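Residue numbers (full-length UniProt numbering): 1 to 191.
I have placed the structure first, in the form of structure tokens, so that the comments after it can refer back to it.
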């Protein structure tokens with residue numbers, strides 16, 4: 001059995017950067033891979049997503065076909081395996097989550113190894129995942145500025161919006177997930 005180790009970084013976020021390192025079986029589908037990424041970053045999964053070589057405008061697009069979409073993906077994510085697109089260490093692909101906020105994730109295959117483990121595992125995490133629907137990387141920069149300053153006129157509204165308690169604070173360096181966490185579990189995994 002072959003395993004892939006990936007580093008997944010959200011583009012256009014720095015100070016601090018937000019990234020995750022994961023290990024997955026090479027033969028999982030891109031649908032399962034999306035579930036793993038959503039878990040690793042703490043995204044809710046209620047927005048559309050897609051994979052493609054370099055993001056918008058590049059092909060093939062790998063996604064779940066939807067009859068309401070104006071354009072069909074080139075490949076069905078539920079039927080396309082990672083091993084069909086990744087062959088060598090250093091191979092890259094882009095994952096876009098939420099076509100409004102445009103959370104663009106750069107994915108790099110760091111390591112190919114032999115291992116029979118079927119679990120999808122978080123190896124390392126850096127940086128807090130931005131709050132969903134905060135306006136993409138630029139909105140996140142504004143959010144970080146506001147939430148770091150209790151005297152800011154928008155502070156109370158933003159703190160309430162993310163459910164922050166009076167004695168809490170937002171730490172953009174804190175990744176709210178532990179190494180060793182199993183990722184992408186779905187009800188089918190328990191059958």
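Think of the CB as a built atom: it goes at the ideal place given N, C-alpha and C, for glycine as much as any other residue.
Remember, predicted model here, so these are calculated numbers, not experimental data.
For residue 48, which of helix, strand or coil comes out of DSSP?
-> One-based indexing of the chain shown puts residue 48 at position 48. Coil.
Does the Cβ of residue 67 have 16 or more other Cβ atoms within 10 Å, making it buried, or fewer, making it exposed?
-> As a first step, residue 67 is located in the chain shown; it is residue number 67 there, counting from the start. Its Cβ having fewer than 16 others within 10 Å, residue 67 is exposed.
Run the CB neighbour count on residue 48, radius 10 Å, all protein chains shown included, and call it buried at 16 or more, exposed below.
-> Taking the chain shown and counting its residues from 1, one reaches residue 48 at position 48. Residue 48 comes out exposed.
Assigned secondary structure, residue 103 (DSSP; H/G/I helix, E/B strand, else coil) = The sequence position of residue 103 within the chain shown is 103, counting from 1. Here residue 103 sits in strand by DSSP.
Any idea what DSSP makes of residue 39, helix, strand or coil?
-> For this step, residue 39 is matched to residue 39 along the chain shown. In the three-state scheme derived from DSSP, where H, G and I count as helix and E and B as strand, residue 39 is classed as helix.
Roughly how many whole angstroms lie between the Cα atoms of residue 103 and residue 179?
-> The sequence position of residue 103 within the chain shown is 103, counting from 1. The sequence position of residue 179 within the chain shown is 179, counting from 1. Looking at the two C-alpha atoms, the distance is approximately 23 Å.
Alpha carbon to alpha carbon, how far is residue 174 from residue 19?
-> Position 174 of the chain shown, counted from the start, is the residue given in the question as residue 174. Position 19 of the chain shown, counted from the start, is the residue given in the question as residue 19. Whole-angstrom Cα-Cα distance: 11 Å.
Let me know the secondary structure DSSP gives residue 140 once reduced to three states.
-> Here residue 140 corresponds to residue number 140 of the chain shown, with the count starting at 1. In the structure shown, the three-state DSSP call for residue 140 is helix.
Examine the Cβ distances between the stretch 36-45 and the stretch 97-111 and report whether three or more of them are shorter than 8 Å.
-> yes
Contact belief for residue 43 with residue 97 at Cβ below 8 Å, rounded distance in angstroms | Here residue 43 corresponds to residue number 43 of the chain shown, with the count starting at 1. Here residue 97 corresponds to residue number 97 of the chain shown, with the count starting at 1. Contact annotation, residue 43 with residue 97: C-beta distance approximately 6 Å; criterion of less than 8 Å satisfied.
Inter-stretch contact (C-beta, 8 Å, three-pair minimum) for the stretch 118-125 and the stretch 48-66 = no
Secondary structure at residue 148, three-state DSSP: helix, strand or coil?
-> Walking along the chain shown from the start, residue 148 turns up at place 148. In this structure, residue 148 counts as coil in the three-state DSSP scheme.
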